[in-house]
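Participant: Each number in the working numbering comes from the position in the sequence shown (counting from 1) with 70 added on. Just passing along the structure, written as structure tokens.
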Amino acid sequence: MLEFIGKIGLLPRLFICIVLGTILGLIGWYPVMAVLATFNVLFGQMLTFSIPLIILSFIIVGISDIGKSAGRMVLLIVTYAYCLTVLSGFLAHFALVTFQPLVVEIGSAVAVDDARDPVASLVNITVAPVMPIMTALVFAFIVGAFMVNLAEDNAIRKVAVDFRGIITQLIGKILVPLLPIHIAGIFARIAYQGQAEEMFFTFGRVFILILILHWVFLLVMYTIAGSLYKVSPFRLLKPMISSYMTAIGTQSSAATIPVNLINVKKLGVKSQLADFTVPLGASISLPGSTMSIVACTVAVMYMYNMDVSVGIIAPFIFGIAVAMVAAPGVPGGAIMASLGILEMTLGFTEVQLALMIALYIAQDSLGTAVNVTSDGPMTIFLNRLNGEKTLDLKV
């Protein structure tokens with residue numbers, strides 16, 4: 071069953087399930103609503119149980135791999151990627167706060183029809199996580215840092231890598247394929263309570279703002295990079311268009327590496343530098359995904375009338391910047407790696423996490439496209455830092 075579902079792309083499945091869930095919620099047939107509510111409870115428990123395991127598996131190996139290849143250039147790229155990710159997160163927060171009146175109505179998600187209470191689940195079970203989220207984060211950092219000095223064939227390192235492989239399969243073969251059904255149940259409840267219209271309008275407005283934010287971000291990055299060599303940003307952007315479009319189609323930074331490598335070299339940087347920065351950037355530089363996640367987060371917080379001040383959102387942004395380094399390479403992997411940070415720093419509930427997943431996956435490919443395209447300015451900056459005073463442009 072899961073293999074059949076997996077043959078359809080994640081985004082089409084998400085849209086189909088949102089529409090079906092909304093229709094079922096509007097019809098309001100109680101037996102169907104009860105079955106969906108039961109699935110939401112069961113899947114929600116599985117997701118809650120999996121979050122610490124996702125943190126452990128990916129952060130341990132991710133930190134260890136970066137540490138093992140530590141050198142001047144790697145440290146520069148990691149520092150650059152982290153700072154850019156943090157900056158992009160605060161940029162998204164600023165944009166949502168500034169344009170909030172045009173994008174989302176404060177408290178719209180809590181203004182429900184009290185006459186229609188949520189349908190109760192047929193089964194209620196609790197599956198406790200193996201450890202709290204903060205414990206998993208601290209443990210992962212400690213183990214990952216000390217694994218740096220272990221040999222590739224060390225038994226502990228092999229266990230960690232194999233464990234990451236198991237969790238990757240859990241995400242790719244179970245959690246992600248079942249996510250659209252979970253989202254369908256959430257939207258059925260939303261429609262059942264009379265919130266569907268406002269929710270869809272909010273989703274559309276957030277989507278448009280994120281798209282504009284992405285384009286402005288890329289234009290600024292290429293303008294700064296071009297100023298280092300007195301080159302027009304549009305001339306630099308021209309060869310990167312195919313990288314942007316390829317990323318939209320594949321929804322994977324890794325799958326875009328061959329095309330992106332060719333295009334970054336057309337910018338006139340040293341070939342050896344591009345060979346190093348593009349593959350590494352595909353794994354650790356995710357400003358587009360970060361902007362999307364932070365924008366969606368602030369939108370959901372507004373919908374639930376939560377405090378969105380800088381003091382509240384800053385710990386989340388700094389935390390998600392670390393999580394992005396270890397995000398699993400599957401569609402929707404970035405948001406999966408962020409769920410624990412959302413729950414721990416902002417106190418997101420199961421419904422709020424589901425809305426985040428729906429909002430993010432709907433435009434996941436756009437964030438990936440920005441991640442890939444931003445490797446161009448990063449390589450140009452490093453090219454200039456290494457003393458190269460000219461670009462041998464191939465465009």
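Idealized CB from N, CA, C, for every residue including glycine. Computed from a predicted model, the values in this text were never measured in an experiment.
For the pair the segment 163 to 178 and the segment 363 to 377, tell me if three or more CB-CB distances fall below 8 Å.
Facilitator: yes
Participant: Between the alpha carbons of D345 and V334, how many angstroms are there, rounded?
Facilitator: 9 Å
Participant: Can you give the Cα-Cα distance for I192 and R259, rounded to whole angstroms?
Facilitator: Just to set this straight, residue 192 is Leu in the shown sequence, not Ile. Looking at the two C-alpha atoms, the distance is approximately 15 Å.
Participant: Apart from the five residues just before and just after V348, which ones in its own chain have a Cβ nearer than 8 Å to its Cβ?
Facilitator: Hits under 8 Å: I327, N330, L331, V334, D445, T449.
Participant: Please go through the same chain and pick out, in chain order, the residues whose beta-carbon is closer than 6 Å to the beta-carbon of V213, but skip the five residues on each side of it.
Facilitator: Closer than 6 Å at Cβ, skipping near neighbours: I130.
Participant: Here's the rule I'm using: 16 or more other beta-carbon atoms within 10 Å means buried, otherwise exposed. How should T316 be labelled?
Facilitator: buried
Participant: With DSSP as the reference, label F270 as helix, strand or coil.
Facilitator: helix
Participant: State buried or exposed for F304, treating a residue as buried only when at least 16 other CB atoms are found within 10 Å of its CB.
Facilitator: exposed
Participant: I'd like to know if the segment 225 to 239 and the segment 92 to 101 are in contact, where contact means that at least 3 CB-CB pairs between them fall below 8 Å.
Facilitator: No: the two stretches stay apart, fewer than three of their Cβ pairs being nearer than 8 Å.
Participant: Any idea if V290 is buried or exposed, counting beta-carbon neighbours within 10 angstroms, 16 or more meaning buried?
Facilitator: exposed
Participant: Give the range of the alpha helix (DSSP H) segment to which N441 is assigned.
Facilitator: 434 to 443
Participant: Going by DSSP, what residue range makes up the alpha helix (DSSP H) through A198?
Facilitator: Unbroken run through A198: none, as it is neither H nor E.
Participant: Let me know if L452 comes out buried or exposed under the rule of 16 or more other beta-carbons within 10 Å of its beta-carbon.
Facilitator: buried
Participant: Please state the DSSP three-state secondary structure of V102.
Facilitator: helix
Participant: Run through DSSP, which three-state label would D232 get?
Facilitator: Correct three-state label for D232: helix.
Participant: From Y299 to F277, what distance separates their C-alpha atoms?
Facilitator: 34 Å
Participant: Can you name the start and end residues of the alpha helix (DSSP H) that Y372 belongs to?
Facilitator: 357 to 373
Participant: How many Å lie between F216 and T443 at the Cα?
Facilitator: 33 Å
Participant: Closer than 8 Å is the cut-off here; do at least three beta carbon pairs connect the segment 382 to 395 with the segment 418 to 433?
Facilitator: As far as the Cβ criterion goes, the segment 382 to 395 does not touch the segment 418 to 433, which means the pair count is below three.
Participant: Note down, in chain order, each residue of its chain lying with its Cβ closer than 6 Å to the Cβ of A151, except the 5 sequence neighbours on either side.
Facilitator: I354, S355
Participant: In this structure, how does DSSP classify D345 when only helix, strand and coil are distinguished?
Facilitator: helix
Participant: Please report the residue range of the alpha helix (DSSP H) in which G242 lies.
Facilitator: Note, G242: premise wrong, no alpha helix (DSSP H); not H, not E.
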